[in-house]
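Please read the structure below before turning to the comments.
Protein chains: 2
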Amino acid sequence: METPLSFRIFATDGRARTGVLETAHGSVPFPAFMPVGTRAAVKAVDPEEVRGSGASMVLGNTYHLMLRPGEEVIRRAGGLARFMGWHGPTLTDSGGFQAFSLGERVKISDQGVVFASHLDGTRIQLTPERAAEVQGAIGADIAMALDECAPGDADRDAVARAMVRTTAWAERQLAVARPAGQALFGIVQGGIHEDLRRAHIEELAGLPFDGLAVGGLSVGEPVPEMYRVLHAVAHLLPVKRPRYLMGVGTPADILEAVECGVDLFDCVLPTRNARNGQAFVRGGRINIKQARHSEDPLPLDPQCSCPCCSRFERRYLRHLFLAGEMLVSRLLTLHNLHHFGTLMAGIREAIAAGRLAGFKRDWLSPREDP
Amino acid sequence: METPLSFRIFATDGRARTGVLETAHGSVPFPAFMPVGTRAAVKAVDPEEVRGSGASMVLGNTYHLMLRPGEEVIRRAGGLARFMGWHGPTLTDSGGFQAFSLGERVKISDQGVVFASHLDGTRIQLTPERAAEVQGAIGADIAMALDECAPGDADRDAVARAMVRTTAWAERQLAVARPAGQALFGIVQGGIHEDLRRAHIEELAGLPFDGLAVGGLSVGEPVPEMYRVLHAVAHLLPVKRPRYLMGVGTPADILEAVECGVDLFDCVLPTRNARNGQAFVRGGRINIKQARHSEDPLPLDPQCSCPCCSRFERRYLRHLFLAGEMLVSRLLTLHNLHHFGTLMAGIREAIAAGRLAGFKRDWLSPREDP
Chain A
883 METPLSFRIF ATDGRARTGV LETAHGSVPF PAFMPVGTRA AVKAVDPEEV
933 RGSGASMVLG NTYHLMLRPG EEVIRRAGGL ARFMGWHGPT LTDSGGFQAF
983 SLGERVKISD QGVVFASHLD GTRIQLTPER AAEVQGAIGA DIAMALDECA
1033 PGDADRDAVA RAMVRTTAWA ERQLAVARPA GQALFGIVQG GIHEDLRRAH
1083 IEELAGLPFD GLAVGGLSVG EPVPEMYRVL HAVAHLLPVK RPRYLMGVGT
1133 PADILEAVEC GVDLFDCVLP TRNARNGQAF VRGGRINIKQ ARHSEDPLPL
1183 DPQCSCPCCS RFERRYLRHL FLAGEMLVSR LLTLHNLHHF GTLMAGIREA
1233 IAAGRLAGFK RDWLSPREDP
Chain B
883 METPLSFRIF ATDGRARTGV LETAHGSVPF PAFMPVGTRA AVKAVDPEEV
933 RGSGASMVLG NTYHLMLRPG EEVIRRAGGL ARFMGWHGPT LTDSGGFQAF
983 SLGERVKISD QGVVFASHLD GTRIQLTPER AAEVQGAIGA DIAMALDECA
1033 PGDADRDAVA RAMVRTTAWA ERQLAVARPA GQALFGIVQG GIHEDLRRAH
1083 IEELAGLPFD GLAVGGLSVG EPVPEMYRVL HAVAHLLPVK RPRYLMGVGT
1133 PADILEAVEC GVDLFDCVLP TRNARNGQAF VRGGRINIKQ ARHSEDPLPL
1183 DPQCSCPCCS RFERRYLRHL FLAGEMLVSR LLTLHNLHHF GTLMAGIREA
1233 IAAGRLAGFK RDWLSPREDP
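As given, the protein sequences belong to chains A and B, one line each in that order. With positions in the first sequence counted from 1, the corresponding number in this note's numbering is that position plus 882. With positions in the second sequence counted from 1, the corresponding number in this note's numbering is that position plus 882.
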């Protein structure tokens, strides 16, 4: 199988792997966390700050970008990376997940998804062929296959039907030519049913995808259920291709999934929570709104060396938050991305040194009142 | 007269002056433009970016800061500069102007101003003594005297009465001890009446202020009226002390006032307009919302080297604006502050070289469609 990616594993620790994924726009040391740049911007920060946090690849949302500014605007601007001034590796989802969750009057059939734009009600069809076309125009290094993700509370039959459709769509999308340098990942469904997951992995592993993702987790099921499924099946994903767990998660979730053999992650948690005043710190989280920080001279995390913690005190950040100054969204986002970047760098080092279990225990151990 | 400031004029060009104002927190080359950091933050940018734009002093609004976080929080944090991570010269207004314009149920008497906070309705009294106390706690390098600024459409008698009260308040505020290193500027009123302005300058020049400001301009009067008053009286302000024109203005206004002998300026124009999508460019302004920029690959100003223009294209900035991404507010603010910083640096050089008139003509001459 020819692939535009180079995927090399340097070391393993149990099922965990570390190495480097090479894309047309640069290298991604893994395990890696991708900040989410929904509308061609990681909210509240600029590309240099994203890079400075330790992130090497960002995710764009096809649903949002096809609606605004439109994929052809991005193509003519030289592709997503150049358009947004990131100049590094990018990945786009297929648009399906947001079409289901944000689109209005959604109708799904074997042909594809039809929905009304949440912006202006325009009726839009998303098929595997169209997902390939739009993502080809956006021009990320990694495109994702259109999949059907059954809701977290769907019954087994619905999950199984979504799986069958996802496989059929995968084959159709694979048949569409992609721009030079663009990889395509398939998405494994199967909900919390281990046998369905195994069967779907087997189906998709036989297709010429450049990597496989686990979809349909972290969609409302209890965390222990997600962990059970990951432990049961993540290591069954093809060993020699990247493994990507979509939409996950907390530092604890990431550490758990890395132990199961997952390489790539994305989540809005560090960026969205920052805008709500929540900062990830060693051993927990703090909320900057709380009155106890009103005269608190500490940085968000005394163990952190990010551009926020090295310059600003909690009492000032709390003032900015209460005053509604947008600067605080940026500073907390910077800090949270740095927290995740530091976590991932620590994970990579720990795997290389064969001490992932100890690293995980240390990272998650509660500190004195943070 | 002892003053905590050192004010040295290096060169003049007509009535225009250039030199350096030394404060307890650092140097201010003048003519200087002060970005407005209303609530201890220049909106949408961080202190390093403000510094990078060429600004050397920022302004904080006493009215906002006394309400939130409260002046004592700032005092205990080490003063305004340290609290906001700026570590450079700062100036605070007296709080009077915002008490009049933002306060509710405002009552003014010889004693002072009483108003209800726009945040929670708390009844607050601002007297010359209280203005001294609050600004002492906030700890800026330059504090301003409480003044009464008659509305732009006030009749001559009302303007004259506000002048008399302003002088009486000035004497009371001067009688209050200030923290070491804090200077106090008086504020000249008199509206658009040249004889009143002259009389008030004469009164205030006799008081031991460290500098004088021109208040009560740019409050709704036509621009030619403002220019007429500036040409008639700005040069009558004491030669050996800093001259500050409050709340002004556009690049054209600043250039005009510098020619009249003004040294210091502050205005929300570059920051507020940025958040509305307007960028100052050589020879005019552009609005990034306009459809003609939808696929425009130029930077905001092709002649600009700011961190926005060196990295981002108009088509991307327009996309961010339409998508409501806060990153665009920061990028346009950065650019506009850089535009004003570059203008002021050019003015200082031009005065030193004796070619201010030519510089002004060049800066303001319209370019081809920007």
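Quick reminder that beta carbons are idealized off the backbone N, C-alpha and C, glycines included. The model shown is predicted, which means the values in this text are computed figures rather than measured ones.
Considering residue i, what are the terminal residues of the alpha helix (DSSP H) in which it resides?
i        : result
Q1017(A) : P1010 to I1020
L1056(A) : R1038 to L1056
F852(B)  : There is simply no residue 852(B) to check, as chain B begins at 883 and stops at 1252 in what is shown.
D1244(B) : L1238 to L1246
R1249(B) : Here R1249(B) belongs to no alpha helix (DSSP H), and DSSP marks it neither H nor E.
M1226(B) : L1209 to A1234
L1151(A) : L1151 to R1157
G934(B)  : P929 to G934
Answer with buried or exposed for residue i, where buried requires no fewer than 16 other C-beta atoms within 10 angstroms of its C-beta.
i        : result
E884(A)  : exposed
R1230(A) : buried
L1119(A) : buried
G1073(B) : buried
H1221(A) : buried
A1057(B) : exposed
F1147(B) : buried
E930(A)  : exposed
A1235(B) : exposed
A914(B)  : buried
N1158(A) : exposed
V1121(A) : exposed
H1217(A) : buried
Q1185(B) : exposed
D1029(A) : buried
V1016(A) : buried
When you compare only the Cα positions, how much space is there between residue i and residue j?
i        : j        : result
R921(B)  : Y945(B)  : 9 Å
L1202(A) : A893(A)  : 44 Å
G1063(B) : G908(B)  : 11 Å
Y1000(B) : L949(B)  : This sequence places His at residue 1000(B); Tyr is not what is there. Approximately 9 Å between the Cα atoms of the pair.
V982(A)  : V1144(A) : Just to set this straight, residue 982(A) is Phe in the shown sequence, not Val. Distance between the alpha carbons of F982(A) and V1144(A): 26 Å.
R1285(B) : Y1126(B) : The requested residue 1285(B) is not part of the displayed model; chain B covers only 883 to 1252.
L1086(B) : E1207(A) : 37 Å
T896(B)  : V902(B)  : Residue 896(B) is actually Gly in this sequence, not Thr. Going by the C-alpha atoms only, they are around 18 Å apart.
P1104(A) : M1128(A) : 16 Å
A1116(B) : R958(B)  : 38 Å
S1247(B) : L1199(A) : 43 Å
A1134(A) : F965(B)  : 34 Å
L1151(A) : G1131(A) : 7 Å
A963(A)  : F1194(A) : 31 Å
A1173(B) : L1180(B) : 14 Å
P1106(B) : V1140(B) : 15 Å
G978(A)  : E1053(A) : 16 Å
I1233(A) : F1241(A) : 9 Å
Cβ of residue i within 6 Å of any heavy atom in the ligand GDP?
i        : result
D1039(B) : In terms of ligand content, the structure shown is empty, and the ligand GDP therefore cannot be addressed.
Assuming residue i and residue j are in contact, meaning their beta carbons sit under 8 Å apart, how far apart are those beta carbons, in whole angstroms?
i        : j        : result
A1013(B) : T1004(B) : Their Cβ separation, rounded to whole angstroms, is 17 Å, which puts A1013(B) and T1004(B) out of contact at 8 Å.
G1165(A) : R1080(A) : Not a contact, Cβ separation roughly 36 Å.
G936(A)  : T1215(A) : Wrong, their Cβ atoms sit about 14 Å apart, outside the cutoff.
A1114(A) : E1076(A) : 4 Å
G1093(B) : R1123(B) : 5 Å
I1024(A) : A1065(A) : 5 Å
G1098(A) : Q1071(A) : 5 Å
M1026(A) : A1095(A) : 7 Å
L941(A)  : V918(A)  : 5 Å
I1170(B) : R1196(B) : 6 Å
G1263(A) : Q1007(A) : For chain A, the structure presents residues 883 to 1252; residue 1263(A) sits outside this window and is missing.
T972(B)  : A1022(B) : 4 Å
First and last residue of the beta strand (DSSP E) that includes residue i?
i        : result
Q1160(A) : Q1160 to V1163
L941(B)  : V940 to G942
R899(B)  : A898 to T905
R950(B)  : No beta strand (DSSP E) contains R950(B), which DSSP labels as neither H nor E.
A1173(B) : It is not in any beta strand (DSSP E) - A1173(B) carries neither H nor E in the DSSP assignment.
M916(B)  : A914 to P917
S888(B)  : S888 to D895
V995(B)  : V995 to A998
Run down chain C in chain order and give the residues with a C-beta less than 8 Å from the C-beta of residue i.
i       : result
Y945(A) : Included in the structure are the protein chains A and B, with no chain C among them.
Enumerated in chain order, which unbroken segments of the alpha helix (DSSP H) with a length of 4 residues or greater are wholly contained in the segment 1074–1138 of chain B? 1076–1087 and 1105–1115
Of all the alpha helix (DSSP H) runs that stay within the bounds of the segment 956–986 of chain A, which reach a length of 4 or more residues? 962–965 and 978–983
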